[in-house]
Structures are given as structure tokens and as C-alpha cells.
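Asker: Numbering (the numbering used here), first residue to last: 236 to 438. Handing you a structure now.
Structure representation (C-alpha cells):
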């Protein structure tokens, strides 16, 4: 069973490329949110005004050969609005700071992934959509939307523990602010599925 690791995110099988997924309905965190048995995707809103309780978020990250196709679908969010969204190293928590920094395939040595807080890399060599998981999405008039990206790597020995939505409408790419996305408004924890006959994610 994959486990969460403060440094590496989800600890995964070191040979087989993993599929990661989430499918949850946002709810406000309670005192026992982190202690409840995991009977489904943990989905939390930190800002009900921007991420209303009852909104739905689903994520699928599927490997194919040496790349990963990542897709996120949302509904019930604010209409005609953008939300920056990143894969973060740790699973969701009532404390958004505990989700750690953005997951990176090549880890920025200037960032301490074990630190508690929303410390993020701002070096564009590392903070970019080819090294991190960016799923920025824009909703339509009904509050629904889909984002999709192809990552030039697969998740083998580690992977992101959650996808976090932010109040910025897009992820910043400006020098010195690369990868910045504002304050977290919602989070969905990811789970890993190991294909039985898919040693490197081929389909």
C-alpha cells in the first residue's frame, strides 16, 4: 500500500510506473478529518467562498511509456474563473501548510521538502510545468472545467500526495516568482494504483 513521505510524497513501487487518482467532493475540515478512516478521497475546502463545499474534483495521472498524462475535472466551483492547481508532495490535511511544497521530478536543492509550510521553489529551472505537476483550470458558466497536461516523466519510487487548488487564476511564471500560485483554497488527496501487467506504464 503506498504511504505518504514528507520528503518524497507518496512512496511507490520502485519498478512499476504508477497511476495516481482522486475523486472527491469538497467538505470543510473538522477536528477529526485527518484521523478518520480513509474510506474514499479526502477532499477539503480551505476557502468556501472560492471552493464551495459540495464542489467535485477528480484527477487521473496515467503513465504511458516514459511520460504521464495528467487530467483534472472540476464542477461546482465559481463560474468563469481560473484556479491554479499543483501536485504537492504530501496528502491533504486540515492544515494546508502540511501539504508541503509542489512536487518536483528533479528537486530544487534550495527547497527543503520536509519543512512545514507552503515553501515553494521559484527557480524556473525547477519550477516549471515540465518538472512539476501544473493543472491550472478555468471554469465555464456552470463552474465546471477540465485541464490536461503531459509530463515527461513517470511516477515510480515517489509521486505527489495531493492536488491543491489556489486562489491565483494561473500559475506565475515571472522571474523570481516562477511556480507561485497564491493561497490554497482546496485539496484532494491522491491514491496510487499499480497495474498488474504494466511494468513501465505502457498501455
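By construction, the Cβ of each residue, glycine as well, lies at the ideal position given by its N, Cα and C atoms. Keep in mind the model is a prediction, meaning the values are calculated, not measured.
Taking the CB atoms as reference points, tell me whether residue 276 and residue 421 lie closer together than 8 Å.
Answerer: Counted from its first residue, the chain shown places residue 276 at position 41. Counted from its first residue, the chain shown places residue 421 at position 186. Taking 8 Å as the cut-off, the beta carbon of residue 276 is found no closer than this to the beta carbon of residue 421.
Asker: Could you give the distance in angstroms between the alpha-carbon of residue 326 and the alpha-carbon of residue 376?
Answerer: Stepping through the chain shown from its first residue, residue 326 is reached at position 91. Stepping through the chain shown from its first residue, residue 376 is reached at position 141. Each residue's alpha carbon lies about 30 Å from the other.
Asker: Who are residue 386's beta bridge partners in DSSP?
Answerer: As a first step, residue 386 must be located in the chain shown, where it is residue number 151. DSSP lists 303 as the bridge partner or partners of residue 386.
Asker: Using the C-alpha atoms, what's the distance from residue 301 back to residue 418?
Answerer: Taking the chain shown and counting its residues from 1, the one referred to as residue 418 is at position 183. Taking the chain shown and counting its residues from 1, the one referred to as residue 301 is at position 66. Going by the C-alpha atoms only, they are around 32 Å apart.
Asker: Return the CA-CA distance between residue 324 and residue 255, expressed in angstroms with no decimal places.
Answerer: For this step, residue 324 is matched to residue 89 along the chain shown. For this step, residue 255 is matched to residue 20 along the chain shown. Going by the C-alpha atoms only, they are around 13 Å apart.
Asker: According to DSSP, is residue 367 part of a helix, a strand, or is it coil?
Answerer: Numbered from 1 along the chain shown, position 132 holds the residue referred to as residue 367. In the structure shown, residue 367 sits in a strand (DSSP, three-state: E or B).
Asker: What is the C-beta distance between residue 314 and residue 374, in whole angstroms, given that I count them as a contact (C-beta under 8 Å)?
Answerer: To locate residue 314, count along the chain shown from 1; it is residue 79. To locate residue 374, count along the chain shown from 1; it is residue 139. Going by Cβ atoms, the distance from residue 314 to residue 374 rounds to 6 Å, so yes, they are a contact pair.
Asker: Over what stretch of residues does the beta strand (DSSP E) that includes residue 260 continue unbroken?
Answerer: The sequence position of residue 260 within the chain shown is 25, counting from 1. Counting along the chain, the beta strand (DSSP E) containing residue 260 begins and ends at 254-260.
Asker: If you run the structure through DSSP and keep just helix, strand and coil, what is residue 284?
Answerer: As a position in the chain shown, residue 284 is number 49, starting the count at 1. Secondary structure of residue 284 (DSSP, three-state): coil.
Asker: Give the DSSP-derived three-state secondary structure of residue 424 in the structure shown.
Answerer: Looking up residue 424 in the chain shown gives position 189. In the structure shown, residue 424 sits in a strand (DSSP, three-state: E or B).
Asker: Drop a sphere of 10 angstroms on the beta-carbon of residue 339, count the other beta-carbons inside from all chains shown, and report buried for 16 or more, exposed for fewer.
Answerer: As a position in the chain shown, residue 339 is number 104, starting the count at 1. By the C-beta density criterion, residue 339 is buried, having at least 16 other C-beta atoms within 10 angstroms.
Asker: Under 6 Å Cβ to Cβ from residue 343, same chain only, skipping five residues before and after it: list those, please.
Answerer: The residue labelled residue 343 in the question sits at position 108 within the chain shown. So the qualifying residues of the chain are 356, 358 and 361.
Asker: In whole angstroms, give me the CA-to-CA distance for residue 408 and residue 311.
Answerer: For the purposes of this step, residue 408 is taken as residue 173 along the chain shown, with counting starting at 1. For the purposes of this step, residue 311 is taken as residue 76 along the chain shown, with counting starting at 1. Rounded to the nearest angstrom, the two C-alpha atoms are 28 Å apart.
Asker: Within the continuous beta strand (DSSP E) that includes residue 397, where are the two ends?
Answerer: Numbered from its first residue, the chain shown carries residue 397 at position 162. Where residue 397 is concerned, the enclosing beta strand (DSSP E) stretches over 397-401.
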